[in-house]
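Engineer: The opening position of the sequence shown corresponds to residue 1 in the UniProt record's numbering, with each subsequent residue numbered one higher.
The C-beta atom is built at its ideal place from N, Cα and C for all residues, glycine as well.
Sharing a structure with you now.
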Amino acid sequence: MTQLSLFDLSMRWNSRRASYRPSQEPIDPSKFSVAPIGDAAARDFVIRHHYSGSYPAAIAAYGLFERTAAFQQELVGVAVFSVPMQPRAAAAYGATPAAKFCELGRFVLKDHVGGNGETFFLSRALRLLAQDKQRADRRPLYDLCLSYSDPMPRTTSAGTLIHAGHIGQIYVAFSSIYVGRGTPRTHWLTRDGSIVSPRALSKLRNGERGAAYAYEFLRSHGAPARALGEPEADYIRRALQEGPFRRMRHNGNHAYVFPCGTHSTRQEIRRRMDKGLPRPTKTDLPMAA
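Pasting the structure below:
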């Protein structure tokens, strides 16, 4: 039997643990459907299954439903389109400053869904996004969608592997535009392997909306309490040093673009953003088999 590498496999999730299916494994399309779902249902599914244990600032969420019996269906996947983490990210990769874009903030399928269920799900979710989010003239609101793949393995503090790393093979299959890697940086990890969000820390540091949530996140993961009158920046520095957090050097996520406006807009996005960069290969996976 031929042994497949992670490059040939599609990542799946169940209870925040990764597993893999052969990328070319077919599904029966007649058993699956895609539809909008509420934020609460999407949040519950993502937090329960995705390794990050977190939910982004959602713009729209769509569910992959599997028919399990007559008049019965199960939610087996969620795609969340979200507010960009960096407002100028698309322009940095070559889009015009005026281009309206979102991010594929979470894309999670349960572990029994066949390998090519990803392209089935993603194509329909992007189509629904273009229908549901429109400008006054009925054109799609978003010109493009950015998505990132994280190639860096991640473990709990006890050494249990929760994320083996991936390079976005589904996005390659989906004819996306590869636009390179994000900025290398150092992340702080919790004991369970979650990343301490730099954006959340920024909200706490600057007293922005969401600062209270960021503080509770740190406390729930073992950070000390903030002292009376302690400046926010001093507290964050102390919390990360005194709490059970670990540093991880990250070389940057791989970034992909899905043009999703009108036909002419999609052509313009490809002309501006597709620089012909070599796409990642299996050698870009730190734990490639």
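On the DSSP letters alone, give me the boundaries of the alpha helix (DSSP H) that Tyr-242 sits inside.
Structural biologist: The amino acid at residue 242 is misidentified as Tyr; the sequence shows Glu. Note, Glu-242: alpha helix (DSSP H), 232-242.
Engineer: Pull up the DSSP beta-bridge partners for Leu-109, would you.
Structural biologist: Answer by DSSP bridge pairing, in chain order: Gly-77.
Engineer: Taking the Cβ atom as the reference point for each residue, do Val-172 and Val-257 lie within a distance shorter than 9 Å?
Structural biologist: Going by C-beta atoms, Val-172 is not nearer than 9 Å to Val-257.
Engineer: Is the CB-CB distance between His-221 and Thr-190 below 9 Å?
Structural biologist: Yes, these two residues count as a Cβ contact at 9 Å.
Engineer: I need the straight-line Cα distance from Ala-223 to Phe-174, nearest angstrom please.
Structural biologist: Rounded to the nearest angstrom, the two C-alpha atoms are 42 Å apart.
Engineer: I'd like the list of long-range same chain contacts for Pro-244, defined as Cβ closer than 8 Å, with 5 residues on each side in sequence excluded.
Structural biologist: Contacts found: Ser-157, Thr-190, Arg-191, His-221, Gly-222.
Engineer: For the beta strand (DSSP E) containing Glu-208, name the first residue and the last one.
Structural biologist: Here Glu-208 belongs to no beta strand (DSSP E), and DSSP marks it neither H nor E.
Engineer: Assuming Thr-68 is part of the beta strand (DSSP E), what are its boundary residues?
Structural biologist: 58-69 is the span of the beta strand (DSSP E), which, as asked, contains Thr-68.
Engineer: When the Cα of Phe-65 is compared with those of Glu-118, Pro-87, Phe-81, which residue comes out closest?
Structural biologist: Considering only alpha carbons, the answer is Glu-118.
Engineer: When you compare the CB positions of Ala-80 and Gly-53, do they come within less than 9 Å of one another, or not?
Structural biologist: The sequence given here has Val at residue 80, not Ala. No, they are not a contact pair.
Engineer: Is the Cβ-Cβ distance between Phe-107 and Ser-147 less than 9 Å?
Structural biologist: Their beta carbons are under 9 Å apart, which means Phe-107 touches Ser-147 by this criterion.
Engineer: Tell me the rounded alpha-carbon separation between Arg-279 and Asn-206.
Structural biologist: Cα to Cα, the separation comes out at about 38 Å.
Engineer: Considering only the beta carbon of each residue, do Gly-168 and Pro-153 sit closer than 9 Å?
Structural biologist: Their beta carbons are not under 9 Å apart, which means Gly-168 does not touch Pro-153 by this criterion.
Engineer: I want to know whether the segment 129-145 touches the segment 251-266 - three or more CB-CB distances under 8 Å.
Structural biologist: Taking 8 Å as the limit for Cβ pairs, the verdict is that the segment 251-266 does touch the segment 129-145.
Engineer: Considering Cα atoms alone, identify which of Ala-214, Gln-72, Ile-59 is closest to Lys-203.
Structural biologist: With distances taken between Cα atoms, Lys-203 lies closest to Ala-214.
Engineer: Which parts of the segment 108-192 are runs of the alpha helix (DSSP H), unbroken and 4 residues or longer, counting only runs that do not cross its ends?
Structural biologist: 117-132, 169-173, all fully within the segment 108-192.
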